[in-house]
Every structure is written in structure tokens, then in C-alpha cells.
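**Student:** Residue numbering for the sequence shown is 946 to 1316, as defined by the working numbering.
Ideal Cβ placement from N, Cα and C applies to all residues, glycine included.
My questions all concern the structure below.
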Amino acid sequence: MALSFGNGNQNLVLDMSSSDLKLAVGAYNHKTGVVYLEKAGIVPLESDAITDGQITDSFGIVMALKHAMAKLDVRNKNCIITTEGSFMHTRDLELPKVKGDQLKDMVKYEIMGQGSNKDMNVDYVVYGTTRDAETNAEKLLIRATAVPNETISDFRDFLKNMDLVPVAMDANANAVRKLFNGGIINGNVNISQSTLLLIELSGKTTTVTILDKGFPKLTRRLQFGHSNIRQVAESLRKLQGGSDNQSSLARRLNITKSDSELAVPVEDIDVWHESLADIPSLQSAVNAYFKSLTDAVSRTAQFAISKFHIDSISTCFLYGSGAGYKKIDKELSRQLGTQVEVLNTLSTVSGTKDFILPQFINCCGALIRED
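Right, here's the structure in full:
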């Protein structure tokens, strides 16, 4: 399902699905099935530099990314991009078992025949087979994704402006599919034997994936995120700046970093309900976020169990920028009444000593090339 637009060795990957752009340098070993990240970093951008997975401030991103690459001493030129947005159209299809060229035409016809008049690039994966209920003929189970050629051109031009060589464009959902094909999460959960719920907590969006024995049965990308929590925390600190109450506020917000930093790191914001009792404005922002989150998770889980006749979901795993909030796993577990963990380790991923996996899930998956 990766939308290839070039050739080369894939060792630099950019997760450009949000304005917290992720940069990683690594490799995938086909023999061992392990992704290794040599370097990784987050490139902070203006909040609207990337909107709905598409570039809206190319100049600003180029400048910020060049600075980050210089700081990390990244010299790799061959680049993969992974992203996600409403411009991507994904469908699951059941089609007759035919030859490759014929199947390609059938997939394109099916996904383009939905009233779209855009010039689209279509790619797909065959992930299984089934039998026709009436004829008993074998049919292929296919997941297809279409992306406007104009969007692909925009990303290609962006990489050329960066003096990088375009290798492939991937979809985050497809990166997740590849990365969670197998392995052990957090040292004790076997992916191939479990039905899991993966939740990507981003600033502006939330993506919920039902992973059943290593295959994402259902992915839902929702238009809400955690950015308001951080904004409220930052506003509180600015309001108290220079006053006698600053140290008290810092303690209540669990801020441990230097006051000279502009942003309050998410890992310094405690979202456990008891910790927010004397901070009403932050409590309100956290409560609103968790209401949206628990509603979305519950609806998605109930729908998936009913539609796909899967087992009950054993564990929720959190990743993305919002997974760093202090006690977010504990608070979400309390509200959902189920086991929730931050996705800290995956047996098929290794990296440097200070590598933080939850931020770079999409990058790791995009490094896995199936072609």
C-alpha cells in the first residue's frame, strides 16, 4: 500500500502527519524482521505548518527540518514519507482471483468508481482469501488506498527542495499494519495471539486501531486531539510567570523542566484525576479530552467486536505524542475499566539508548519495505 515514487535505499523517514514532524534514520533487516533506528528526533513546527497530513508551509518546514538534520548530523539522502489525512481513501475489497495486471485494473476501478473525479494513485495489498458464499469460488481480500497525484507531487517537490531523493510515500495505517505483523509488546504481550486496541494520541487527531492477531481489522482517525491540554498548562504557567505562586504552580503541574523553555513538555503534565483537583481550568481541559477519548474507544471496540466477531479486547496500548502525559495510562484504564499501557517496547524494534518508541511508531513501520 506504499505509494512508491522513486528508487533507492530507504534509510531516512519523515512522519509528516502533523506539525510535530518526526525524523528518523534507520534500516529494516528482512532476515531478522527487526527495525533498527540509528537516529530519531522531533521537529517542532508552527501549529498549521502541516494541516490534515498535507504541507501548508513548505518554506517553514524546509528551514526547520534542515536545522534538525544538521543538529542530528543526518546525511542520508534517500527518503520515505509517511502521513495520514482525509485526502487518503482506503477500502477493503473482495475480488476474484485473477492475474496481477487484471487485478490491478479491477482494484483501480473499484476504488475510483466511488464518484471521485480526481487523478488518483492507487496501491493495494492482498492480505488473505475467502470463499464466495454462493459459488464457493476463491476470492482475494484486498486493502486498497488511493491518494491524489497532486498530493504526491507536492511531497516529491518538497523533498527535492530539501535536496533529498524521494523513495516512497506510505500511509500511517499501512506502516502500523507492517510493524505490528508480529512480535512482543512491552515484553509480555504476543501480538499474533491477541486482540489489541492501539491508540495514537496526536495533538489534533486520535487514531484507534483494532489489531486482531497481527492484522488491523479496523482503523478510525478522529478529529480531536490533546493539544488543548498542553495549551491550558502553558497558559497557566504564563499567567503565574514572575509571581510568588510560580513554584507552587509548577509543583501542581508537575513541571520539572527549566522555566526558560517555551513549551510545557507533556511528560511534565499529570492527568490523573486526583492530581487536578486544585487546577480547575486544566481539569476541565483534561475531562473534555478524556470524554471524547473514552467515547471513541468504546464505540470503536463495540463496533469491531460486533462486525468482525472477534474476541474481547485484552489490552489498550497508547502511542504518539500524547502517550507521554504522566499517568495517562492509569487514568484511561480507570475510565475504561480495562487494561491500558503505554507502548514502550516492541521486540521487532531496537534503537539507541535514549530512543522513545511511542513517538516513532509510524517511522518504524514506514522503514519496512515490502516491494
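Between K1132 and the rest of its own chain, which residues show a CB-CB distance below 7 angstroms, the 5 nearest in sequence each way excluded?
**Tutor:** Checking the sequence, you will find Gly at residue 1132 rather than Lys. Once the five neighbours on either side are set aside, the close Cβ partners of G1132 are T1290.
**Student:** Kindly confirm or deny that the region 1022 to 1042 and the region 1090 to 1109 touch, where touching means at least three C-beta pairs closer than 8 angstroms.
**Tutor:** Yes, the region 1022 to 1042 is in contact with the region 1090 to 1109.
**Student:** Just how far apart, CA to CA, sit T1140 and I1130?
**Tutor:** Taking the straight line joining both Cα atoms gives about 12 angstroms.
**Student:** In its own chain, which residues sit with a C-beta less than 7 angstroms from the C-beta of V1211, not counting the 5 before and 5 after it?
**Tutor:** So the list reads R1175, S1266, G1267, G1269, Y1270, once near-sequence residues are dropped.
**Student:** So what's F1100 in DSSP terms, helix, strand or just coil?
**Tutor:** Three-state DSSP puts F1100 in a helix.
**Student:** Assuming I995 contacts S963 (C-beta within less than 8 angstroms), just tell me the rounded distance between them.
**Tutor:** The Cβ separation is near 6 angstroms, so the contact holds.
**Student:** Does the beta-carbon distance from L1146 to L1263 come in below 8 angstroms?
**Tutor:** Their beta carbons are under 8 angstroms apart, which means L1146 touches L1263 by this criterion.
**Student:** Let me know if F1305 comes out buried or exposed under the rule of 16 or more other beta-carbons within 10 Å of its beta-carbon.
**Tutor:** Buried, by the Cβ-count rule.
**Student:** When DSSP labels each residue in this structure, what does G1187 get in the three-state scheme?
**Tutor:** Unreliable placement is indicated for G1187, whose pLDDT of 41 sits below 50; no coordinate value is reported for it.
**Student:** Using three-state DSSP, classify D1046 as helix, strand or coil.
**Tutor:** Reduced to three states, the DSSP call for D1046 is helix.
**Student:** Measure the alpha-carbon distance for D1299 versus I987 and round it to whole angstroms.
**Tutor:** Rounded to the nearest angstrom, the two C-alpha atoms are 13 angstroms apart.
**Student:** Quick one: measure Cβ to Cβ for V970 and K984, integer angstroms, because I've assumed they're closer than 8 angstroms.
**Tutor:** Right, the Cβ-Cβ distance comes to about 4 angstroms (below 8 angstroms), so this counts as a contact.
**Student:** Of all the options L1277, T1150, A1233, G1005, which has the alpha carbon lying nearest to the alpha carbon of L990?
**Tutor:** Ranking the options by Cα distance to L990, first place goes to G1005.
**Student:** Please classify T1074 as buried or exposed, where buried requires at least 16 other C-beta atoms within 10 Å of its C-beta.
**Tutor:** Exposed, by the Cβ-count rule.
**Student:** Within 10 angstroms of the Cβ of S1226, are there 16 or more other Cβ atoms? Answer buried if so, exposed if not.
**Tutor:** Looking at its Cβ environment, which holds fewer than 16 other Cβ atoms inside 10 Å, S1226 is exposed.
**Student:** Who are the Cβ neighbours of K1053 in its own chain at under 7 angstroms, not counting the five residues just before and after it?
**Tutor:** Result list for K1053: V1067, in chain order.
**Student:** I'd like the span of the beta strand (DSSP E) that includes N1232, first residue to last.
**Tutor:** Here N1232 belongs to no beta strand (DSSP E); instead the alpha helix (DSSP H) covers 1225 to 1253.
**Student:** I need the DSSP call for A1089, collapsed to helix, strand or coil.
**Tutor:** Reduced to three states, the DSSP call for A1089 is strand.
**Student:** For a test of the three-state rule: what should DSSP assign to S1292, helix, strand or coil?
**Tutor:** Coil.
**Student:** What residues in its chain sit with their C-beta under 8 angstroms from that of S1259, if we drop five residues either side in the sequence?
**Tutor:** If we look at S1259 and ignore the five residues flanking it on each side, its Cβ neighbours are V1134, S1139, T1140, L1141, Q1284.
**Student:** Would you call the CB atoms of C1309 and L1109 closer than 8 angstroms?
**Tutor:** Cβ atoms of C1309 and L1109: not closer than 8 angstroms.
**Student:** Below 7 angstroms CB to CB, which residues in the same chain sit around G978 once its five sequence neighbours on both sides are set aside?
**Tutor:** Hits under 7 angstroms: T1293.
**Student:** Is N1307 buried or exposed, if buried means 16 or more other CB atoms sit within 10 Å of its CB?
**Tutor:** Buried: at least 16 other Cβ atoms inside 10 Å.
**Student:** Below 7 angstroms CB to CB, which residues in the same chain sit around I1313 once its five sequence neighbours on both sides are set aside?
**Tutor:** Cβ within range, chain order: Y973, V980, K1123, L1124.
**Student:** Can you find the residues in the same chain that come closer than 6 angstroms, C-beta to C-beta, to K1042, ignoring five residues on each side of it along the sequence?
**Tutor:** For K1042, where only same-chain residues beyond five positions count, the Cβ hits under 6 angstroms are E1083, L1085.
**Student:** Can you tell me which residues form a DSSP beta bridge with R1036?
**Tutor:** In DSSP, R1036 forms a bridge with A1089.
**Student:** According to DSSP, is F1004 part of a helix, a strand, or is it coil?
**Tutor:** Helix.
**Student:** Quick check on N1106: does DSSP put it in helix, strand or coil?
**Tutor:** Helix at N1106.
**Student:** Please name the residue, chosen from L982, L966, V1209, that lies closest to T1297 on a Cα-to-Cα basis.
**Tutor:** Residue L982 is the option with its Cα nearest to T1297.
**Student:** Answer yes or no: do V1177 and A1230 have a C-beta to C-beta separation smaller than 8 angstroms?
**Tutor:** The answer is yes: Cβ separation under 8 angstroms.
**Student:** Taking A1082 as part of the alpha helix (DSSP H), name the residues at either end of that continuous run.
**Tutor:** Neither: A1082 is in no alpha helix (DSSP H) and is coded neither H nor E.
**Student:** Out of V1071, M1107, K1044, K1049, state which residue places its alpha-carbon closest to the alpha-carbon of A1013.
**Tutor:** Nearest C-alpha to A1013: M1107.
**Student:** Which residues does DSSP list as the beta-bridge partners of Y1069?
**Tutor:** Paired residue(s): A1089.
**Student:** In whole angstroms, give me the CA-to-CA distance for Y1234 and T1080.
**Tutor:** If you take the alpha carbons of Y1234 and T1080, they lie about 49 angstroms apart.
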